[in-house]
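What follows is a set of notes on a single structure, which appears directly below.
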Amino acid sequence: MRYDSVVTGAFLARPNRFIAHVDLDGRTVVCHVKNTGRCRELLIPGVKVLLEYHKDAWEKGRKTSYSLIGVWKIRKGRPPLLINMDSQAPNEAAWEWICNQGLKRLAFKEETGQAPGRPFHVTDVRREIAYDQSRFDLAFVLDGQPAFMEVKGVTLEEGGLAMFPDAPTERGVRHLKELIKATREGIPCFILFVIQMKEISCFTPNRRTHPAFADALADAANAGVTILAMDCRVTEDSMEIDAPVPVQYARID
């Protein structure tokens with residue numbers, strides 16, 4: 014996925030979840046923050062950030078001409094890491110990845126060219142499909158069977174370990190329970206964690222922040238839901254799903 018017009022600035026403050034103040038060439042601009050997560054480890058005063066400029070903002074009734082979409086995370090002893098923090102980007106990137114047969118490519122072993130099982134073939138990709146009490150981000154036909162996929166964007170990183178969520182998410186727990194239910198009804202189900210950066214060695218649920226989500230993810234894996242984590246190639250004006258990342262999860266009773 015690509016952004017049309019991107020500029021860089023310096024983060025100043027975040028008065029609330031929805032807006033940020035950014036220094037842009039010596040003037041302070043108000044930006045829409047396209048991520049309602051806490052992001053406290055990212056949005057530090059003075060850090061370099063990416064803004065998407067909306068030239069038609071006023072015509073479309075927007076309150077600001079800028080959206081905060083990315084940040085260079087400060088790391089001790091290492092160069093800053095570019096992270097896309099646009100919460101809408103993972104769904105768009107996942108859509109592109111699925112439509113380009115990302116699941117099929119993932120099913121093949123690179124070293125042999127042979128599939129560990131049958132290769133996935135995806136058709137009829139749709140968005141925002143209702144199921145029971147939830148809406149799943151993607152639905153598609155997988156080798157002739159209807160399938161569901163829920164997508165979660167990941168911006169929290171500690172020493173190469175990516176984690177989700179960065180704040181408690183009862184909605185996320187509900188989605189996992191619905192995926193379990195659908196799987197037990199014979200529907201192939203996936204949860205895809207889109208890690209909005211590179212340089213990641215592993216993904217794990219953030220038990221410290223939300224134990225219930227970590228337990229629900231382990232339950233989903235045990236029920237047969239396919240758990241996927243993929244990192245992304247991130248540039249100043251684009252984000253694309255790239256490579257699989259190992260997943261670690263365990264239920265603690």
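For the sequence shown, the tail end lands on 266 under our numbering, and the numbers increase by one without skipping.
Every residue, glycine too, gets a C-beta built ideally from N, C-alpha and C.
These numbers were taken from a predicted model, which means no experiment stands behind them.
Mark residue i as exposed unless 16 or more other C-beta atoms lie within 10 angstroms of its C-beta, in which case mark it buried.
{"i": "Gly74", "result": "exposed"}
{"i": "His45", "result": "buried"}
{"i": "Asn219", "result": "buried"}
{"i": "Glu123", "result": "Residue confidence for Glu123 is low, a pLDDT of 44 falling below 50, so the modelled location carries little weight and cannot support an answer."}
{"i": "Lys68", "result": "exposed"}
{"i": "Ala33", "result": "buried"}
{"i": "Cys112", "result": "exposed"}
Can you tell me where the alpha helix (DSSP H) with residue i in it begins and where it stops?
{"i": "Thr196", "result": "183-197"}
{"i": "Ile32", "result": "No alpha helix (DSSP H) holds Ile32; the beta strand (DSSP E) holding it covers 32-37."}
{"i": "Asp13", "result": "The chain is shown from 14 up to 266; residue 13 falls before or after that span and cannot be answered."}
Would DSSP call residue i helix, strand or coil?
{"i": "Asn48", "result": "coil"}
{"i": "Glu72", "result": "coil"}
{"i": "Ile213", "result": "coil"}
{"i": "Gln261", "result": "coil"}
{"i": "Leu56", "result": "coil"}
{"i": "Ser251", "result": "strand"}
Which residues in the same chain as residue i place their Cβ atom closer than 6 Å to its Cβ, once the five residues preceding and following it in sequence are excluded?
{"i": "Val10", "result": "In the structure as shown, the chain begins at 14 and stops at 266. Residue 10 is therefore absent and cannot be evaluated."}
Excluding the 5 residues preceding and the 5 following residue i in the sequence, name in chain order all residues of the same chain whose CB lies nearer than 8 Å to its CB.
{"i": "Pro259", "result": "Ser214, Cys215, Phe216, Ala242"}
{"i": "Cys245", "result": "Asn97, Ala106, Val207, Ile208, Gln209, Met210, Lys211, Met252, Glu253, Ile254, Asp255"}
{"i": "Glu109", "result": "Met14, Glu253, Ile254"}
{"i": "Arg51", "result": "Asp179, Ala180"}
Return the chain-ordered list of same chain residues with a C-beta closer than 7 Å to the C-beta of residue i, the five sequence neighbours on each side being excluded.
{"i": "Leu119", "result": "Pro257"}
{"i": "Ile193", "result": "Asp232, Ala233, Ala236, Val238"}
Would you mind reading off the limits of the beta strand (DSSP E) that contains residue i?
{"i": "Val167", "result": "158-167"}
{"i": "Gly22", "result": "19-29"}
*Mind listing, in chain order, the continuous beta strand (DSSP E) runs of no fewer than 3 residues lying wholly within the region 65-117?*
79-88, 91-97
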